[in-house]
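Student:
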Amino acid sequence: MPAALRLIRMLVFSCFTLAMALANAQSTSTGSGQAYPAKPVRIIVPFPPGSGADITTRLFAPRLSEALGQAVVVENRAGAAGNIGAEVVARAAPDGYTLLTAPASLAIGQTLYKKLPFDLLRDFQAVSMLASVPFVLVVHPSLPVRSVKDLIALAKARPGQLNYASTGNGSSPHLTAEMLKMQARIDAVHVPYKGTPLAVTDLLTGQVSFMFANALSVLPLVNSGRLRALAVTSAKRNSATPQLPTMAESGLPGFESGTWFAVLAPAGTPREVVARLSAEIGKLTQHPDTREKLAAQGAEALTMNPGETAAHIRSEVAKWGKVVAASGARVD
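Using this note's numbering, the first residue of the sequence shown is number 373, and each one after it goes up by one.
1) Ordered along the chain, which non-local residues of its own chain (more than five positions away) have a Cβ less than 7 angstroms from that of ALA498?
2) Beta carbon of TYR565: closer than 6 angstroms to some heavy atom of the ligand ZN?
3) What did DSSP end up calling VAL695 once you bin it into helix, strand or coil?
4) Suppose you measure from the CA of VAL572 to the CA of VAL590; what does that come to, to the nearest Å?
5) In the DSSP assignment, the alpha helix (DSSP H) including MET676 goes from what residue to what residue?
6) Whole angstroms is fine: what's the gap from ARG557's alpha carbon to VAL511's?
7) Say whether the segment 548-562 touches the segment 615-627, bearing in mind that this needs 3 or more beta-carbon pairs closer than 8 angstroms, one atom from each stretch.
8) Could you pull out every unbroken alpha helix (DSSP H) segment of at least 4 residues lying fully inside the segment 553-617, listed in chain order?
9) Just confirm the distance between the C-beta atoms of LEU509 and ALA603, as a whole number of angstroms; I'd bet it's less than 8 angstroms.
10) Suppose contacts are defined by Cβ-Cβ distances below 7 angstroms. Is SER477 in contact with SER423 by that definition?
11) Quick one: Cα of VAL703 to Cα of PRO545, how far?
12) Among the residues of its own chain, which have a CB less than 7 angstroms from the CB of GLU688, if the five just before and after it don't count?
13) Which runs of the beta strand (DSSP E), 3 residues or longer, sit entirely within the segment 462-528?
14) Express the C-alpha separation of GLN406 and PRO564 in angstroms, rounding to a whole number.
15) Locate the alpha helix (DSSP H) running through ARG435, then write down its first and last residues.
16) Less than 7 angstroms between the C-beta atoms of PRO412 and ALA452, yes or no?
17) How long is the line joining the alpha carbons of ALA569 and MET676, rounded to whole angstroms?
18) Using 8 angstroms as the Cβ pair cut-off and three pairs as the minimum, do the segment 594-608 and the segment 517-537 touch?
19) Is DSSP giving PRO412 helix, strand or coil here?
20) The beta strand (DSSP E) with LEU636 in it runs from where to where?
21) Between which two residues does the alpha helix (DSSP H) holding VAL646 run?
22) Three-state secondary structure (DSSP) at ASN541?
23) How far does the beta strand (DSSP E) with GLU621 in it extend, from its first residue to its last?
24) Tell me which residues share the same chain as ALA711 and place their Cβ nearer than 6 angstroms to its Cβ, disregarding the 5 neighbours each side in the sequence.
25) Identify the residues that DSSP records as bridge partners of ASN535: which are they?
26) Would you give the residue range spanned by the beta strand (DSSP E) that GLU664 belongs to?
27) Find the nearest neighbour of THR657 within the set MET619, LEU431, PHE496 and THR470, judged by alpha-carbon distance.
28) Just to confirm before moving on: does the CB-CB distance between ALA322 and ALA560 stay below 7 angstroms?
29) Give every residue of the same chain whose Cβ lies closer than 8 angstroms to the Cβ of PRO513, excluding the five residues on either side of it in the sequence, and list them in chain order.
30) Tell me the DSSP bridge mates of VAL417?
31) Can you tell me whether DSSP reads GLU672 as helix, strand or coil?
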């Protein structure tokens, strides 16, 4: 073969290889040949509007939409402590167009529920963390208590007469209240609701006595005087409420709880799609404006890659499994 012909063939092959490499570098494929994302991305929030998961997701969604160049639509699918919305995503096509904002309650549910239509560790691909939020122990202002010690004393004086709200059986607020009952040796009646807004509404009207609610949802009500805060559940005082003691400072050593929100995709979602989403969300969690807005409401932005997010969720499943076992709580 003439040297000139060999040279031409080599140049053609090299150009073809280079073109393919550039195409791969410039676009993230979903398996259909189209760059990701080629259409709007849907994020399922498994709690109602006004919940901590909803507030956090809607804070991130507009900036994520700008970063991806596609609309990011937030859809609320509330019920069963987050399990209904989670099932929707677990059964969705693993193409990166249906995501889940997963709250800590899903980690609890792995042990609490005897039968679940999904497995949190098997049926989802971790993408990124968004934020962590401590709970605030809040009471109706008419309740004659101004500290955790006051609440415990009142509950002991009125066994079984005080009731507390939660965002559903097996939710993080529910198990946190169970921790209080166990550690303080008090008896109070659990009243589950389908999400934070409904629970807070009844607390505001005095239908329930107290609850543990994420700071994002109740701090505005505390600041306006419509609810009274007694303590935060974080290990140290929260920067948004430095005047509030921790539960540990209030006489319950080692008491620590809170919730977190992670972005998950269906298992089998292409690695390059997960990597793109994780990178963009990671930039947002480090953005000063995002961190400032979250901190003002008592939350903390968390930056974790897919591997770190998955490890965190595994540790939370194990941690809350022990609490569920100790409390004897179970949902059929």
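Using N, Cα and C, we set each Cβ at its ideal position, and we do this for glycine too. As the structure is a computational prediction, the values presented were derived from the model and not from experiment.
Tutor: Quick look at the numbers:
1) One-based indexing of the sequence shown puts residue 498 at position 126. Its chain contains ALA634, LEU636, PRO678, THR681, ALA682 and ILE685 as the residues whose beta carbon lies nearer than 7 angstroms to that of ALA498, once the 5 sequence neighbours on both sides are disregarded; these appear in chain order.
2) Here there are no bound small molecules, and the ligand ZN is not part of this structure.
3) As a working mapping, residue 695 is identified with position 323 in the sequence shown. For VAL695, the three-state secondary structure derived from DSSP is helix.
4) To locate residue 572, count along the sequence shown from 1; it is residue 200. To locate residue 590, count along the sequence shown from 1; it is residue 218. Spanning the two alpha carbons is a distance of roughly 8 angstroms.
5) Indexing the sequence shown from 1 puts residue 676 at position 304. Note, MET676: premise wrong, no alpha helix (DSSP H); not H, not E.
6) On the sequence shown, position 185 is the one that residue 557 refers to. On the sequence shown, position 139 is the one that residue 511 refers to. Cα-Cα distance, rounded: 19 angstroms.
7) The segment 548-562 vs the segment 615-627: in contact.
8) The qualifying runs are 568-576 and 587-595.
9) Here the question's residue 509 lines up with position 137 in the sequence shown. Here the question's residue 603 lines up with position 231 in the sequence shown. Contact flag correct, Cβ pair sits at about 5 angstroms.
10) If you number the sequence shown from 1, residue 477 lands on position 105. If you number the sequence shown from 1, residue 423 lands on position 51. Result no, Cβ atoms of SER477 and SER423 do not sit closer than 7 angstroms.
11) On the sequence shown, residue 703 is found 331 positions in, with the first residue counted as 1. On the sequence shown, residue 545 is found 173 positions in, with the first residue counted as 1. Cα-Cα distance, rounded: 15 angstroms.
12) As a first step, residue 688 is located in the sequence shown; it is residue number 316 there, counting from the start. Taken in chain order, the residues that qualify are ALA476 and ALA479.
13) With a minimum length of 3 residues, the continuous beta strand (DSSP E) runs that stay inside the segment 462-528 are 470-475, 496-505 and 507-511.
14) In the sequence shown, counting from the first residue as 1, residue 564 sits at position 192. In the sequence shown, counting from the first residue as 1, residue 406 sits at position 34. Using only the alpha carbons, I get a separation of about 45 angstroms.
15) Within the sequence shown, the letter at position 63 stands for residue 435. Residues 424-440.
16) Here residue 412 is taken as the residue at index 40 of the sequence shown, counted from 1. Here residue 452 is taken as the residue at index 80 of the sequence shown, counted from 1. Contact flag unset, no.
17) Start at 1 with the first residue of the sequence shown, and residue 569 comes out as number 197. Start at 1 with the first residue of the sequence shown, and residue 676 comes out as number 304. Position check: residue 569 holds Pro in this sequence, whereas Ala was assumed. Using only the alpha carbons, I get a separation of about 29 angstroms.
18) Output reads yes: the segment 517-537 touches the segment 594-608.
19) Reading the sequence shown from its first residue, position 40 is the one you call residue 412. In this structure, PRO412 counts as coil in the three-state DSSP scheme.
20) Within the sequence shown, residue 636 is the residue found at index 264, counting from 1. Boundaries of the beta strand (DSSP E) around LEU636: 631-638.
21) Position 274 of the sequence shown holds residue 646. Run containing VAL646: 643-657, per the alpha helix (DSSP H) assignment.
22) Within the sequence shown, residue 541 is the residue found at index 169, counting from 1. Coil, per DSSP.
23) The count along the sequence shown starts at 1 and reaches residue 621 at position 249. No beta strand (DSSP E) contains GLU621, which DSSP labels as neither H nor E.
24) Any property of residue 711 remains undetermined from this structure, which presents the chain solely from 373 to 704.
25) Along the sequence shown, read from residue 1 onward, the residue named residue 535 stands at position 163. DSSP output for ASN535 lists VAL561 as bridge partner(s).
26) Here residue 664 refers to the residue found at position 292 of the sequence shown. Bounds of any beta strand (DSSP E) do not take in GLU664; it lies within the alpha helix (DSSP H) bounded by 660-668.
27) Here residue 657 corresponds to residue number 285 of the sequence shown, with the count starting at 1. LEU431 is the residue among MET619, LEU431, PHE496 and THR470 whose C-alpha sits nearest the C-alpha of THR657.
28) As displayed, the chain neither begins before 373 nor continues past 704, which places residue 322 out of reach and without an answer.
29) For the purposes of this step, residue 513 is identified with residue 141 of the sequence shown, where counting begins at 1. Cβ neighbours of PRO513 beyond the five flanking positions: GLY597, ARG598, LEU599 and ARG600.
30) The count along the sequence shown starts at 1 and reaches residue 417 at position 45. Bridge partners of VAL417: ASN448.
31) Your numbering for residue 672 matches position 300 in the sequence shown. Of the three classes helix, strand and coil, the one that applies to GLU672 here is strand, per DSSP.
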